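*Asks:* Residue numbers (the UniProt record's numbering): 1 to 212. Input: one structure, supplied below.
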Ligand SMILES: [Zn+2]
């Protein structure tokens, strides 16, 4: 019941963009407190390296998954989390991420598709990127500094999410996850190897799913 009340506060603006910057603290806490934190899958786990299934049932089970994803994201101190990062083969990601204007965005999106930017509007940003599924590693990766993703909310309504800077990076990174790509797959061979070395040498600060 509390969930209905919380979700009904989320809506879209005139252009169909999810309003994800309001009541962030309360909304994130509500999801997380209903959910249970789960261990994070890491590079090499097959669920991370194939396209996830489309969400077709916008039901209580999906709502519970989203709650668990927010709980897991908080435990691992992430700014975004895709379902396959807790071992679930479904196209949904959650985020709790700041943009470059200092605005916090909290939301969840199902079946996301990255919209193509007009070539003239592509400005690349080569900041560092990391991933909960490649623990303790970071690498610089050029990505457009603005992104628009379209998909559906947890009830199946069509929504779009847009962001700049670090949040744009997050939207692209999480969408990639659901198509079976990690950010290290976009690096040069040498940088990828270096990221895997950083991971091998580090110790994650959260529970991970061991690979067989
Ligand atoms: Zn990631």
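Glycine is no exception: its CB is placed at the ideal position from the N, C-alpha and C atoms. Predicted model, so just to flag it, every value in this text is computed and none were measured.
Could you check whether the Cβ of residue 131 sits closer than 7 Å to any heavy atom belonging to ligand 2?
*Replies:* Looking at this structure, you won't find ligand 2 anywhere; what it does contain is ligand 1.
*Asks:* Mark residue 116 as exposed unless 16 or more other C-beta atoms lie within 10 angstroms of its C-beta, in which case mark it buried.
*Replies:* Taking the first residue of the chain shown as 1, we reach residue 116 at position 116. Looking at its Cβ environment, which holds fewer than 16 other Cβ atoms inside 10 Å, residue 116 is exposed.
*Asks:* Report all residues from its chain with a CB closer than 6 Å to the CB of residue 179; omit the five preceding and five following residues, and keep chain order.
*Replies:* In the chain shown, the residue the question calls residue 179 occupies position 179. 51, listed in sequence order.
*Asks:* What is the residue span of the beta strand (DSSP E) that residue 62 lies within?
*Replies:* Translated into positions along the chain shown, residue 62 becomes position 62. No beta strand (DSSP E) contains residue 62, which is instead part of the alpha helix (DSSP H) from 60-75.
*Asks:* Looking at residue 153: is its Cβ nearer than 8 Å to the Cβ of residue 125?
*Replies:* Translated into the one-based positions of the chain shown, residue 153 becomes position 153. Translated into the one-based positions of the chain shown, residue 125 becomes position 125. It is not a contact, given that the beta carbons lie outside the stated cut-off.
*Asks:* Helix, strand or coil, according to DSSP, for residue 177 in the structure here?
*Replies:* Counted from its first residue, the chain shown places residue 177 at position 177. Residue 177: helix per DSSP, three-state reduction.
*Asks:* Can you check which of these residues, 26, 156, 166 and 41, is closest to residue 83 by C-alpha distance?
*Replies:* For the purposes of this step, residue 83 is identified with residue 83 of the chain shown, where counting begins at 1. The option with the nearest alpha carbon to residue 83 is 41.
*Asks:* With a threshold of 7 Å (Cβ to nearest heavy atom), would residue 49 be considered close to ligand 1?
*Replies:* As a first step, residue 49 is located in the chain shown; it is residue number 49 there, counting from the start. For ligand 1, not one heavy atom lies less than 7 Å from the Cβ of residue 49.
*Asks:* Whose C-alpha, out of 95, 100 and 143, is nearest the C-alpha of residue 18?
*Replies:* One-based indexing of the chain shown puts residue 18 at position 18. Here the closest residue by C-alpha is 95.
*Asks:* Please report the Cβ distance between residue 140 and residue 195, rounded to the nearest whole angstrom; I am assuming they are in contact, meaning their Cβ atoms lie under 8 Å.
*Replies:* As a first step, residue 140 must be located in the chain shown, where it is residue number 140. As a first step, residue 195 must be located in the chain shown, where it is residue number 195. Not really, about 11 Å apart at Cβ, beyond 8 Å.
*Asks:* Nearest CA to the CA of residue 156: which residue from 97, 199, 54 and 128?
*Replies:* Taking the first residue of the chain shown as position 1, residue 156 is located at position 156. Considering only alpha carbons, the answer is 54.
*Asks:* Report yes if the C-beta of residue 105 is less than 7 Å from at least one heavy atom of ligand 1; otherwise report no.
*Replies:* Position 105 of the chain shown holds residue 105. Not so, every heavy atom of ligand 1 lies at least 7 Å from the Cβ.
*Asks:* CA-CA distance, residue 123 and residue 147?
*Replies:* Here residue 123 corresponds to residue number 123 of the chain shown, with the count starting at 1. Here residue 147 corresponds to residue number 147 of the chain shown, with the count starting at 1. In a straight line, the C-alpha of residue 123 is about 11 Å away from that of residue 147.
*Asks:* Under three-state DSSP, which class holds residue 51?
*Replies:* In the chain shown, counting from the first residue as 1, residue 51 sits at position 51. The answer is coil: DSSP assigns residue 51 none of H, G, I, E or B.
*Asks:* According to the Cβ coordinates, are residue 67 and residue 165 closer than 8 Å?
*Replies:* Taking the chain shown and counting its residues from 1, one reaches residue 67 at position 67. Taking the chain shown and counting its residues from 1, one reaches residue 165 at position 165. Against a cut-off of 8 Å, the Cβ pair of residue 165 and residue 67 comes out as no contact.
*Asks:* Which ranges would you report for the alpha helix (DSSP H) in the stretch 106-193 if only whole runs of at least 4 residues count?
*Replies:* Taking only runs of at least 4 residues, the alpha helix (DSSP H) segments lying wholly in the stretch 106-193 are 165-178.
*Asks:* Name the residue from 175, 38 and 208 whose alpha carbon lies nearest to the alpha carbon of residue 114.
*Replies:* Numbered from its first residue, the chain shown carries residue 114 at position 114. Answer by Cα proximity: 175.
*Asks:* Taking residue 81 as the reference, give the member of 61, 134, 12 and 121 with the closest Cα.
*Replies:* Here residue 81 corresponds to residue number 81 of the chain shown, with the count starting at 1. When only C-alpha atoms are compared, the closest one is 134.
*Asks:* Quick check: the Cα distance between residue 58 and residue 107, rounded to an integer number of angstroms?
*Replies:* Residue mapping note: residue 58 aligns to position 58 of the chain shown, counting from 1. Residue mapping note: residue 107 aligns to position 107 of the chain shown, counting from 1. About 15 Å.
*Asks:* Can you tell me where the alpha helix (DSSP H) holding residue 95 begins and where it ends?
*Replies:* Working through the chain shown from its first residue, we reach residue 95 at position 95. Element bounds for residue 95: not the alpha helix (DSSP H) but the beta strand (DSSP E), 92-98.
*Asks:* Can you tell which of 76, 61, 130 and 167 has the C-alpha that lies nearest to the C-alpha of residue 101?
*Replies:* Position 101 of the chain shown holds residue 101. That would be 167, whose Cα lies nearest to the Cα of residue 101.
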